[in-house]
Amino acid sequence: MNNYKFRIIYGDYSGLEKKAIDFVSRGVSEYINYALPATKADKVTDDLLKETNLIIIGTTESNALLRKLCDDSVYKNADKEEGFSIKVTKSAFDETAQMIIISGFDPHGVMYGAAEFSQYFIGDTEVTYVNMFFLRNGFTTGELPEYEYISAPSIKQRGLWTWGHVIYDYRKYIRNMAQLKMNTLIVWNDFVPINIEDIIKEAHDYGIKIYLGFSWGWNEARKENGGLDISNEETLTKIQDIIISKYRNDYAHLDIDGIYFQSFTETKDASINNVVIAERVVKLVNQTAAELYKTNPDLLLMFGLHATSVTEKLEYIAKTDERIMIVWEDCGAFPYNYIPEKIENYDETCELSKKIAVLRGKNDNFGVVTKGLICLDWETFKHIRDRFVMGEQSERFIKNRLVEKKKFWNYINSHWLNNADYAYNMVKLLKNANENTLITALVEDGMFEEQIFFAAALYAEMLWDTEKTSQELIRKVSIRKDVEF
0 MNNYKFRIIY GDYSGLEKKA IDFVSRGVSE YINYALPATK ADKVTDDLLK
50 ETNLIIIGTT ESNALLRKLC DDSVYKNADK EEGFSIKVTK SAFDETAQMI
100 IISGFDPHGV MYGAAEFSQY FIGDTEVTYV NMFFLRNGFT TGELPEYEYI
150 SAPSIKQRGL WTWGHVIYDY RKYIRNMAQL KMNTLIVWND FVPINIEDII
200 KEAHDYGIKI YLGFSWGWNE ARKENGGLDI SNEETLTKIQ DIIISKYRND
250 YAHLDIDGIY FQSFTETKDA SINNVVIAER VVKLVNQTAA ELYKTNPDLL
300 LMFGLHATSV TEKLEYIAKT DERIMIVWED CGAFPYNYIP EKIENYDETC
350 ELSKKIAVLR GKNDNFGVVT KGLICLDWET FKHIRDRFVM GEQSERFIKN
400 RLVEKKKFWN YINSHWLNNA DYAYNMVKLL KNANENTLIT ALVEDGMFEE
450 QIFFAAALYA EMLWDTEKTS QELIRKVSIR KDVEF
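Now the structure itself:
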């Protein structure tokens, strides 16, 4: 490559496009010895476009330069929501220079394209070989390889599920989600954190929808809390009143995207005191939801449903209010199982998944929480019985805890390498059964904010792209600059 410096030509430095520019600036910075200049597209002169290697970022709406290049068929833009196009080629403005195009169908796509370029493309071009391997810096020596990639998400709603008190740095946790092209976060707490508005804003700044979870009888049903007698109508009425009051007092004023809840289905029993759990929980959920809809008719409610107690009673679950999204978990073998080596009865799990994905029709408001990554230590778990500050732990605490959690991730990563196809085939099955499927993965107390581990990154890529082979995804994730085995 020539000795010309790189320059960013951007469309808009706000919102998600700002995050995109920040991603690229951060990614390139370790390969250059100068501050990367950035110029707004509508301020560009012909002289600036010459004798410079360009990084052109934005949408065709925000960046007139991208619009012209697309109109001139220099590159092809993505044609689906959240999609992006990346092209590395000879500059259209100076034949001795190069240009890098990062163009999004929309602002989400710009940010995801920037993450893809910064974490995958740069990592993939860093190592080369002649007779042996060596490192190269394509930003200062030699040309960057020609490259073109257009992509859009296979699963429209994809993300993570976690208890809030084990997010130790919410800013990094959310940023890592964005770098993995995730757009959905479900956070469960016994009590709303006092800094929840900051967390909500941070998620929205990265284009991530955030759903807050709380108990609709789940706490009361646990054995250590005495168990819940669902045959007692008066008891359930009291729980309903508590739910409605809690929503109106603690959640209704927040700028959240919806409410996630669990009730009394986390058991292997189909009935309690001769009352069918599936029938009673649907009655409680529908009646409670009807009251909440009076306050907020546009509220998205997510019914976190444990399959273990209702698998043989699906006719009752099908009567759940269609406005409520049923989010299933504990549906059988990996990737629903906590342990990634538990693949027994996988075929039966697939058959159940096909049924629940269309339980209320082909366009069912449907989602799943998958597991097999990392979870809370339930042997030492203690409920947080009061409000608290979420995600503001010290760097020393985080780094020390990472040492412990890395041992678990080593185990998890090994089994994901071995059983990747089981998870990938399930994602494809759910997508093919219901294109509206939401898929979230349980990632809690795994130091995700400090380090993205291989298995989590692989699963994120499975949700993004169901067209490649699992081996192609494994290779791609392995080369990412932000991923650790």
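If you use numbering that gives the first Met the number 0, the sequence shown corresponds to residues 0 to 484, in order. A virtual CB, placed ideally from N, CA and C, is assigned to each residue, including glycine.
Where the alpha helix (DSSP H) containing residue i begins and where it ends
{"i": "Asn97", "result": "Here residue 97 turns out to be Gln, not Asn, going by the sequence shown. That residue, Gln97, is in no alpha helix (DSSP H); its beta strand (DSSP E) goes 97-103."}
{"i": "Ile255", "result": "Taken as a continuous stretch (DSSP letters only), Ile255 belongs to no alpha helix (DSSP H), as it is neither H nor E."}
{"i": "Glu233", "result": "232-245"}
{"i": "Ala202", "result": "195-204"}
{"i": "Lys282", "result": "276-294"}
Residue i versus residue j: straight-line alpha-carbon distance, rounded
{"i": "Ser28", "j": "Ile99", "result": "15 Å"}
{"i": "Phe104", "j": "Glu50", "result": "29 Å"}
{"i": "Arg359", "j": "Val388", "result": "39 Å"}
{"i": "Val326", "j": "Leu179", "result": "22 Å"}
{"i": "Gln97", "j": "Lys427", "result": "38 Å"}
{"i": "Tyr205", "j": "Lys18", "result": "7 Å"}
{"i": "Lys467", "j": "Phe452", "result": "21 Å"}
{"i": "Ile242", "j": "Asn248", "result": "10 Å"}
{"i": "Gly226", "j": "Gly216", "result": "10 Å"}
{"i": "Phe132", "j": "Arg479", "result": "18 Å"}
{"i": "Ile7", "j": "Thr38", "result": "6 Å"}
{"i": "Ile198", "j": "Asp256", "result": "13 Å"}
{"i": "Asp46", "j": "Ala202", "result": "39 Å"}
{"i": "Thr183", "j": "His107", "result": "13 Å"}
{"i": "Glu125", "j": "Tyr169", "result": "30 Å"}
{"i": "Leu299", "j": "Gly10", "result": "33 Å"}
{"i": "Met0", "j": "Tyr128", "result": "Its pLDDT being 49, under 50, Met0 is placed unreliably by the model, and nothing is read from it."}
{"i": "Gly331", "j": "Leu313", "result": "15 Å"}
{"i": "Lys404", "j": "Arg221", "result": "27 Å"}
Those residues which DSSP pairs with residue i across a bridge
{"i": "Gly303", "result": "Gln261, Val326"}
{"i": "His57", "result": "It is worth fixing the name first, because residue 57 is Gly in this sequence and not His. Its beta-bridge partners are Ser102."}
{"i": "Phe5", "result": "Asn52"}
{"i": "Trp187", "result": "Trp162, Gly212"}
{"i": "Val482", "result": "Ile451"}
{"i": "Thr310", "result": "According to DSSP, Thr310 bridges with nothing at all."}
Whole-Å CB distance - residue i paired with residue j, under 8 Å assumed
{"i": "Tyr423", "j": "Ile342", "result": "Not confirmed; about 13 Å, so no contact."}
{"i": "Val368", "j": "Leu441", "result": "6 Å"}
{"i": "Asn52", "j": "Phe5", "result": "5 Å"}
{"i": "Tyr337", "j": "Cys374", "result": "6 Å"}
{"i": "Gly112", "j": "Phe83", "result": "3 Å"}
Boundaries of the beta strand (DSSP E) in which residue i is found, first to last residue
{"i": "Ile48", "result": "For the record, residue 48 in the displayed sequence is Leu; it is not Ile. Premise fails: Leu48 lies in the alpha helix (DSSP H), 45-48, not in any beta strand (DSSP E)."}
{"i": "Val87", "result": "83-89"}
{"i": "Arg157", "result": "156-162"}
{"i": "Leu372", "result": "365-373"}
{"i": "Val27", "result": "Counting along the chain, Val27 falls outside any beta strand (DSSP E), though it belongs to the alpha helix (DSSP H) covering 14-28."}
{"i": "Ile121", "result": "No beta strand (DSSP E) contains Ile121, which is instead part of the alpha helix (DSSP H) from 121-124."}
{"i": "Ile438", "result": "437-442"}
{"i": "Glu147", "result": "146-150"}
**Request:** Flag this pair as touching only if the segment 132-152 and the segment 73-89 have three or more C-beta atom pairs under 8 Å; answer yes or no.
**Result:** The answer is yes - the segment 73-89 touches the segment 132-152, with three or more Cβ pairs under 8 Å.
**Asked** For the segment 158-176 against the segment 196-212, are there 3 or more C-beta pairs whose distance is under 8 Å?
**Response** When Cβ pairs closer than 8 Å are counted between the two stretches, the segment 158-176 is seen to touch the segment 196-212, the count reaching three or more.
**Item:** Stretch-stretch touch, CB-based, cutoff 8 Å, three pairs: the segment 312-332 with the segment 394-408
**Value:** Taking 8 Å as the limit for Cβ pairs, the verdict is that the segment 394-408 does not touch the segment 312-332.
**Prompt:** Are the segment 264-271 and the segment 299-312 in contact at 8 Å, needing three or more beta carbon pairs?
**Reply:** Output reads yes: the segment 299-312 touches the segment 264-271.
**Asked** Using 8 Å as the Cβ pair cut-off and three pairs as the minimum, do the segment 348-364 and the segment 428-441 touch?
**Response** These segments touch.
**Request:** Taking 8 Å as the threshold, find out whether the segment 176-196 comes into contact with the segment 468-475 through three or more Cβ pairs.
**Result:** Too few Cβ pairs lie closer than 8 Å, so no.
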